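Undergrad: Protein chains in written order, with my numbering: chain A, 437 to 680; chain B, 437 to 680; chain C, 437 to 680; chain D, 437 to 680; chain E, 437 to 680; chain F, 437 to 680.
Glycine residues also receive a C-beta, built at the ideal position from the N, C-alpha and C atoms.
Model, not experiment: these values are computed from the prediction.
Protein chains: 6
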Amino acid sequence: MPSQRHDNRKPDELREISIKRRYTRPAPGSVLIRAGRTTVLCTASVEESVPPWMKGKGRGWVTAEYSMLPGSTSPRKARERGSKVDGRTTEIQRLIGRSLRAVVDMEALGERTITVDCDVLEADGGTRTAAITGAFVALADAISSIEKLPDPKKSPLTGSVAAVSVGIVDGRAVLDLDYVEDVEAAVDMNVVMTGSGKFIEIQGTGEEATFDDDDLAALLKLARGGIKRLTAMQKESLGRQWPL
Amino acid sequence: MPSQRHDNRKPDELREISIKRRYTRPAPGSVLIRAGRTTVLCTASVEESVPPWMKGKGRGWVTAEYSMLPGSTSPRKARERGSKVDGRTTEIQRLIGRSLRAVVDMEALGERTITVDCDVLEADGGTRTAAITGAFVALADAISSIEKLPDPKKSPLTGSVAAVSVGIVDGRAVLDLDYVEDVEAAVDMNVVMTGSGKFIEIQGTGEEATFDDDDLAALLKLARGGIKRLTAMQKESLGRQWPL
Amino acid sequence: MPSQRHDNRKPDELREISIKRRYTRPAPGSVLIRAGRTTVLCTASVEESVPPWMKGKGRGWVTAEYSMLPGSTSPRKARERGSKVDGRTTEIQRLIGRSLRAVVDMEALGERTITVDCDVLEADGGTRTAAITGAFVALADAISSIEKLPDPKKSPLTGSVAAVSVGIVDGRAVLDLDYVEDVEAAVDMNVVMTGSGKFIEIQGTGEEATFDDDDLAALLKLARGGIKRLTAMQKESLGRQWPL
Amino acid sequence: MPSQRHDNRKPDELREISIKRRYTRPAPGSVLIRAGRTTVLCTASVEESVPPWMKGKGRGWVTAEYSMLPGSTSPRKARERGSKVDGRTTEIQRLIGRSLRAVVDMEALGERTITVDCDVLEADGGTRTAAITGAFVALADAISSIEKLPDPKKSPLTGSVAAVSVGIVDGRAVLDLDYVEDVEAAVDMNVVMTGSGKFIEIQGTGEEATFDDDDLAALLKLARGGIKRLTAMQKESLGRQWPL
Amino acid sequence: MPSQRHDNRKPDELREISIKRRYTRPAPGSVLIRAGRTTVLCTASVEESVPPWMKGKGRGWVTAEYSMLPGSTSPRKARERGSKVDGRTTEIQRLIGRSLRAVVDMEALGERTITVDCDVLEADGGTRTAAITGAFVALADAISSIEKLPDPKKSPLTGSVAAVSVGIVDGRAVLDLDYVEDVEAAVDMNVVMTGSGKFIEIQGTGEEATFDDDDLAALLKLARGGIKRLTAMQKESLGRQWPL
Amino acid sequence: MPSQRHDNRKPDELREISIKRRYTRPAPGSVLIRAGRTTVLCTASVEESVPPWMKGKGRGWVTAEYSMLPGSTSPRKARERGSKVDGRTTEIQRLIGRSLRAVVDMEALGERTITVDCDVLEADGGTRTAAITGAFVALADAISSIEKLPDPKKSPLTGSVAAVSVGIVDGRAVLDLDYVEDVEAAVDMNVVMTGSGKFIEIQGTGEEATFDDDDLAALLKLARGGIKRLTAMQKESLGRQWPL
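Next comes the structure, spelled out in structure tokens:
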């Protein structure tokens, strides 16, 4: 086992994180989040209607889309146009949507749809977890922009959400894998939690490997610590817009 | 909390399981698995080539496809033809493929592809986990049918794999949810394990809910018990073809 | 000319036929039909609406879809997803739909749509004709399940329908070709008839060959005999549900 | 029963037919065929290769495509672009291809592909049969243009092919239905025959109706007479290029 | 520089042009235009409705589609079906639509849609400009066929439109390039003008070359002369239907 | 006519332009260009192969793709996935590709492909011209990154290219239209020129309007002035990498 990680981080150390709000102007929520070199633009748009099957129920909807720009990786990633379907993309955007919906009170939102687009400008591992963490901030800004909520005193946000990856690399549990670590990981796990420390989603996969209860415990402990720090950064970024 | 489950099962009780091998003849592996009313036909076909990007490396490949027949649900489910793409389908077939690959030694398999098709004839909850459990048996039969393995003394199978769902329904952790329970579940988790008790995959989701460490521990304990019994049924079904 | 068929059948002999009703539960009609090894699951679902262009006319609609499971043939047949279109599939499902509609009184059915899905579990020749014969039984069960017909005393079924293939193999007219015979046939003909002996559809094709009036007469005679026996089996299977 | 057909034709009378060769220049076969107002441009192009699965076998291939221009009907017919698939189009172009291949000796053609495009400029019933009759003439011209046949003394054409529709309209069997008759027909049948009087294809359909042996005999007699006259016109049009 | 063009035309000479109205009957406007060997069938159909986003505004819409028949070129051009998208086709049909709309008063047209289909039967350069010139004549005929215009005294046509290509070939500016010249052209420009001499569209492209102000002036002068003559032919063809 | 433009610019004044190189790391060329609020990320990737139809000719290829992020406009723009095809997108990316190729010596580039992706982060008019101007800088950086050019002394770049829009708004010719002006413009023209002042492309369209020779002259003069300044900014940004 090497004495340390390839970029000198400690096992429980996050990459350098930055969260920049109001990066573009057309969408009411627009956040550029960076975790190391991983860069994701999260924009949250509000539409004053819901999908047909939800009409007339007084409830809103939150959905997400995820995409990587062709130049975000090397070699270049072909654009998903035409009939080609990328299963990974589908999985990720469903995960982001579920994670955000776990902290939204759809009745308090009213009959409108918020779409959060997570477009990866540069990919260096952990794009889906960075997307979730940034998407929450964009979502909070988009919700703040809504003028007529059903009950102005009741926030549609019931909590905050952040996400991080953990994994077993070189036989050791580590936090916030970059691309180099991701490729080498024997076990790869994405954890989504609320700011109050409850699980929303756990997705752990042994890539040509398996893992036992002790591994699982070590990974979840690292994730919990990372998410605590990410939540603090979200709170600082949102300032008075922090909804809780 | 009601005193028992709607179908009178105990919290740690599986539905009635049956595994029928050689259900159809064209594919070397053909297994009809039933878990309660959930019915999945798993066929494993062998092709003596690998995808272009794998050629010449002496390694094989195992992949899976999943589909629900239109009449497997009520109301009828539209066929996935044309350009419509169902994200759920994509997620499930990727999960099945990863789960099977975790117990296959690709070099021992040699340059060939095994495709396992899991077609749901009747859906009553737990189709993806039934598919994985049945697919392993079909895969074992397909591998037995291969005449020229790279090393006849070395089985390409390094273990067995089975899967089961667990969840929190009416505030109680239960094993092997049927459709009625699945709809009501606050937390839904699919667990894939080897016959030797190691995790391959954990996918736990709070559906408009969250869960804590105690919930997680209870769910994993139920899953471990269920998979132990499913593994025993796979072993009995395969008899002398049991590879381990 | 060989003295007999490769499976020892006489020229006018059907393969062994079985018709199993209520094979799955979600759809009101669910029939597993086997003709030799050819196995087709026919499910008939009822939807209480009609396509937009038929609304408000008081008439129903019957349509069919046909598909082969990937494992139903060897080598495996790729799934028809995405933009790929299989002309053969289209032709077959149009044929099944037309054949069923020929015995349905759409006004007596009322404004609802019955979709009959014919999914081939194993293909050994004659899948389209087996599908029609089984689909009729599923259709009859689906119609029996409808509670509010426009006129409870008037059955929407005006007759029964069954189908069989005939062809010229090794210079001899034969009934109910299996795959081996189908490949060798110089002329291939599918005949759809009512239980009362009227033609609904004749589709005869010389495959790199032609045929004359005498060939045609011999083929139609065989078909008429086969359909008489298939109709008797449908009647026995449906018992008191036999609509005529 | 009305005393005569709506356009005053006798039951066994064809519409006015014209066959114009060399209508456009890029393709070696280019035929504009008219039957009454039905107008089809048939172009036959030669490509010096065969589909991958046929390579190296010394055999050629003949295929056909069929399409209706948007302005060929009223109301306008939407163009078949994008993912929309028209089952009728598929059926028709498969029929045209099979019909032409029935009179081509693929070894005498050599490893090349002839594609015959049948584009309907105006549709007034019988477009598929007009397409087959015109396509044969375009095919003959395309074959004449080939400089290096495997055996210059052996024509790849083993016969001629023509097609016509027949049907039961107002209770009477009639030849060569136009659109008005087609809509009213109780039975509709397309017959494809060689110039020497053998059947290549019979496709008869009862549209919400059935038919018996006498009907069939009457229809086939009309078809045989019509095809004899169409063959004579093809022969006159091709003159010295008539291959037989 | 060669002393003359490959087909002996002078630099400012159009190819032989013919405009044939009422070529087919289903669409109210149907024009076959030829420029040399380039042949385009332009049909204009009227539908008594507008796209959803235009409803209730009392304004009409004019749109165009463009396609090349497979046999219009050598080698054969594959049909644009399924998911394949041809950017050139899209560009051309957008250009035709914009050009026609520039001379239509949408309020005088009333809430209806005119679709002009331009299908190329033979392509020898200049298909898009021939399509525009022919489409205007078909449009005029389609408009004449409308019985209930909002104001019978006010024509929806505010002018006429014609188009021609110009280019620099062998260092010399020339009018109305055929295919041979088009391939050799260093600069290729399509000019669309009204009959009264105003520009509607200029699209000039240096193909692996650039051009300066003098080149531009020379090209525009040629185009203006050509369009004057094309307008005269449109006027002669339409006779009393000439709308201006 | 208002006395000035809505944002107080003079008719011949560009918006504030910034060009930021090396914005992301995976692609060798990565440029973030802003023109007012319009923001485009241009990344240029190098692949050491060419499309099949260009192989073995010793020549390279340059192509471009263009896309708008969903959050780049308000209301949100749906992603171009699946079978939907946007003609505008196709036109723009073809224009960008042609413009770049006009200044590349494909033999000096050698057999490799450079793909320039232009992804619009925020759209406020003039995205296609900003994309071209930024794409050239990304292209220059990508070319600088190539280690083995056929002739190290011969740059594949034969010139520079920049683009700008001009139009007639409120009866006055203006330079570099933003979205508000674009919507109001009677004439809209995009001009692409080399740094040495030659035209590469002129695309001028009268939107429900026409224009005459004087309008054209005024527009081209404005464009020439704007491109001169844009070229100076490109040169300053590239510094020693300026290829000319």
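Among residues of its own chain, excluding the 5 on either side of residue 646 of chain C, which ones have a beta-carbon nearer than 7 Å to its beta-carbon?
TA: If we look at residue 646 of chain C and ignore the five residues flanking it on each side, it has no Cβ neighbours.
Undergrad: Rounding to the nearest angstrom, what Cα-Cα distance links residue 535 of chain F and residue 547 of chain D in this structure?
TA: Taking the straight line from one Cα to the other gives about 42 Å.
Undergrad: Chain A partners of residue 499 of chain F, CB-CB under 7 Å?
TA: Here the premise fails: no neighbours, minimum Cβ distance about 11 Å.
Undergrad: Please list the terminal residues of the continuous alpha helix (DSSP H) segment that includes residue 582 of chain F.
TA: Counting along the chain, residue 582 of chain F falls outside any alpha helix (DSSP H), and DSSP gives it neither H nor E.
Undergrad: Which residues bound the alpha helix (DSSP H) around residue 672 of chain B?
TA: Here the alpha helix (DSSP H) through residue 672 of chain B covers 649 to 674.
Undergrad: Once you ignore the five residues that flank residue 674 of chain D on each side, which residues in its own chain have a CB closer than 7 Å to its CB?
TA: Hits under 7 Å: 573 and 576.
Undergrad: Could you tell me which residues DSSP puts in a beta bridge with residue 555 of chain A?
TA: Paired residues: A:477 and A:503.
Undergrad: Using a Cβ distance threshold of 8 Å, determine whether the stretch 554 to 572 of chain F contacts the stretch 468 to 488 of chain F, with at least three qualifying pairs required.
TA: Because the criterion of three Cβ pairs below 8 Å is met, the stretch 554 to 572 of chain F and the stretch 468 to 488 of chain F touch.
Undergrad: Since residue 634 of chain A meets chain B, which of its residues come closer than 7 Å, beta carbon to beta carbon?
TA: Ordered by position in chain B, the residues that pass the 7 Å Cβ test against residue 634 of chain A are 646, 647 and 648.
Undergrad: Do we get a CB-CB distance below 8 Å when we pair residue 651 of chain A with the residues of chain F?
TA: It does not: the Cβ of residue 651 of chain A has no partner Cβ on chain F nearer than 8 Å.
Undergrad: Answer with yes or no whether the minimum CB distance from residue 565 of chain A to chain B is below 8 Å.
TA: For residue 565 of chain A, the answer is no, since every Cβ of chain B falls outside 8 Å of its Cβ.
Undergrad: Can a CB atom of chain A be found closer than 8 Å to the CB of residue 463 of chain F?
TA: At least one chain A Cβ lies under 8 Å of residue 463 of chain F.
Undergrad: Quick one: residues in its chain with C-beta nearer than 7 Å to the C-beta of residue 519 of chain F, no 5 flanking neighbours on either side, listed in chain order?
TA: Residue placement at residue 519 of chain F is poorly supported in this model, since its pLDDT is 46, which falls under 50; the coordinates still yield a value, given next. Here the set comprises nothing.
Undergrad: In whole angstroms, what is the alpha-carbon distance linking residue 513 of chain A and residue 551 of chain F?
TA: Residue 513 of chain A and residue 551 of chain F: Cα-Cα distance of roughly 11 Å.
Undergrad: Helix, strand or coil: which one does DSSP assign to residue 601 of chain C?
TA: Residue 601 of chain C falls in the strand class under three-state DSSP.
Undergrad: What residue range does the beta strand (DSSP E) around residue 639 of chain E cover?
TA: Per DSSP, residue 639 of chain E belongs to the beta strand (DSSP E) from 635 to 642.
Undergrad: Using DSSP bridges, identify the partner residues of residue 465 of chain D.
TA: DSSP output for residue 465 of chain D lists D:480 as bridge partner(s).
Undergrad: Contact between the stretch 596 to 614 of chain F and the stretch 647 to 667 of chain F is defined here as three or more beta-carbon pairs at a separation below 8 Å; is this criterion met?
TA: Touching, yes.
Undergrad: Please tell me whether residue 512 of chain C has its Cβ less than 8 Å away from any Cβ of chain D.
TA: For residue 512 of chain C, the answer is no, since every Cβ of chain D falls outside 8 Å of its Cβ.
Undergrad: Using Cβ-Cβ distances below 9 Å, what residues of the stretch 653 to 674 of chain F are close to chain A?
TA: For the stretch 653 to 674 of chain F, which is checked against every Cβ of chain A, not one residue is closer than 9 Å.
Undergrad: Once you ignore the five residues that flank residue 578 of chain A on each side, which residues in its own chain have a CB closer than 6 Å to its CB?
TA: Taken in chain order, the residues that qualify are 464, 465, 480, 482 and 550.
Undergrad: Please classify residue 685 of chain D as buried or exposed, where buried requires at least 16 neighbouring CB atoms within 10 angstroms.
TA: Missing from the structure shown is residue 685 of chain D; chain D here goes from 437 to 680 and no further.
Undergrad: Closer than 6 Å by C-beta to residue 591 of chain F: which residues in its own chain qualify, once you throw out the five before and the five after it? Chain order, please.
TA: Answer for residue 591 of chain F: 679, listed in chain order.
Undergrad: Closest Cβ-Cβ distance between residue 601 of chain C and chain D: below 8 Å?
TA: It does not; no Cβ of chain D falls within 8 Å.
Undergrad: Using the C-alpha atoms, what's the distance from residue 468 of chain D back to residue 457 of chain D?
TA: Those two C-alpha atoms are separated by around 7 Å.
Undergrad: Between the stretch 604 to 621 of chain E and the stretch 616 to 629 of chain F, do at least 3 Cβ pairs fall closer than 8 Å?
TA: With a cut-off of 8 Å, the stretch 616 to 629 of chain F and the stretch 604 to 621 of chain E do not count as touching, because too few Cβ pairs lie within range.
Undergrad: Helix, strand or coil: how does DSSP classify residue 564 of chain F here?
TA: Looking at residue 564 of chain F - three-state DSSP - the assignment turns out to be helix.
Undergrad: If we define contact as Cβ-Cβ less than 8 Å, is residue 509 of chain B a contact residue for chain C?
TA: Chain C contact via Cβ: present.
Undergrad: So which residues on chain D does residue 531 of chain E lean against when the C-beta distance must stay under 9 Å?
TA: Ordered by position in chain D, no residue passes the 9 Å Cβ test against residue 531 of chain E, which lies about 17 Å from the chain.
Undergrad: State the start and end residues of the unbroken alpha helix (DSSP H) segment that holds residue 524 of chain D.
TA: 523 to 537 is the span of the alpha helix (DSSP H), which, as asked, contains residue 524 of chain D.
Undergrad: Would you list the one or two residues that DSSP bridges to residue 456 of chain B?
TA: DSSP, once it has assigned bridges, lists B:468 as partnering residue 456 of chain B.
Undergrad: Quick one: measure Cβ to Cβ for residue 505 of chain C and residue 553 of chain B, integer angstroms, because I've assumed they're closer than 8 Å.
TA: Right, their Cβ atoms sit about 7 Å apart.
Undergrad: For residue 583 of chain A, I'd like the list of residues in its chain whose CB is within less than 6 Å of its CB, leaving aside the five on either flank, ordered along the chain.
TA: Answer for residue 583 of chain A: no residue qualifies.
Undergrad: Exposed or buried, residue 648 of chain F, counting other C-beta atoms within 10 Å across all chains shown (16 or more means buried)?
TA: Under this definition residue 648 of chain F is an exposed residue.
Undergrad: What residues from chain F crowd round residue 505 of chain A, counting only those whose CB sits closer than 8 Å?
TA: The answer, in chain order, is 477, 479, 553 and 555.
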